[in-house]
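A short write-up of the structure that comes next.
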Amino acid sequence: MDQKVLVLNGDYTAITLCSVQKAFVLLFLEKAELIAKSDGVLRSVSKAFPKPSIIRLQRYVRVPYKGIALSRHNIMKRDHFECQYCGSTKNLTLDHVLPRSRGGDSSWSNLLTACSRCNHAKGHRTPQEAGLTIRQQPKKPTLSGFLKLSAGTLDENWHAYLH
Numbered sequence: 056m057d058q059k060v061l062v063l064n065g066d067y068t069a070i071t072l073c074s075v076q077k078a079f080v081l082l083f084l085e086k087a088e089l090i091a092k093s094d095g096v097l098r099s100v101s102k103a104f105p106k107p108s109i110i111r112l113q114r115y116v117r118v119p120y121k122g123i124a125l126s127r128h129n130i131m132k133r134d135h136f137e138c139q140y141c142g143s144t145k146n147l148t149l150d151h152v153l154p155r156s157r158g159g160d161s162s163w164s165n166l167l168t169a170c171s172r173c174n175h176a177k178g179h180r181t182p183q184e185a186g187l188t189i190r191q192q193p194k195k196p197t198l199s200g201f202l203k204l205s206a207g208t209l210d211e212n213w214h215a216y217l218h
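Count along the sequence shown starting at 1, add 55, and that's the number in the working numbering.
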């Protein structure tokens, strides 16, 4: 039951992910409609209900898009929890590509995940000066891309709504 359900707005744009339980409540209260079901059923004492994969809210909800929050966890999630210099998954920290001591800011395009060994070897230098290559250039993720990362495993029904 830790599976996620894709929630679409009234205009069929993806807005978030929720738990199967939350999706079922929205369906039961007729605040959403079932767009696609996944394998399995939800059972009550007397009835069986299809397990939702995608639901659409009955009414359009205005969602003020503020972007994805810049946080340590979200940066590591974007970088797949691995060092962007050597690929290690141990002792991860955040690294400023252009060090703060040299005017670098804390932004999506200047922060990346690095292991403590690579971060220490880089020091107050740029990756080029330290002889390090970045595996994937840091950039701000899109909402649909971030929903894909948050979901873990993607349901094949979602591909039409997450471009």
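Glycine included, every Cβ here is placed at the ideal spot set by N, Cα and C.
Asked                                                                                         : Found
The beta strand (DSSP E) enclosing residue 104, as first and last residue numbers             : 103-112
Every unbroken alpha helix (DSSP H) inside the segment 121-169 [4 residues or more]           : 127-133
Alpha-carbon to alpha-carbon, residue 176 and residue 199                                     : 35 Å
Within 8 Å, strictly: CB atoms of residue 212 and residue 91                                  : yes
Whole-angstrom C-beta distance between residue 107 and residue 89, which should lie under 8 Å : 6 Å
As assigned by DSSP and simplified to three states, the class of residue 211                  : helix
Simplified DSSP assignment, three categories, for residue 225                                 : Because the chain is modelled from 56 through 218, residue 225 falls outside the range shown and cannot be assessed.
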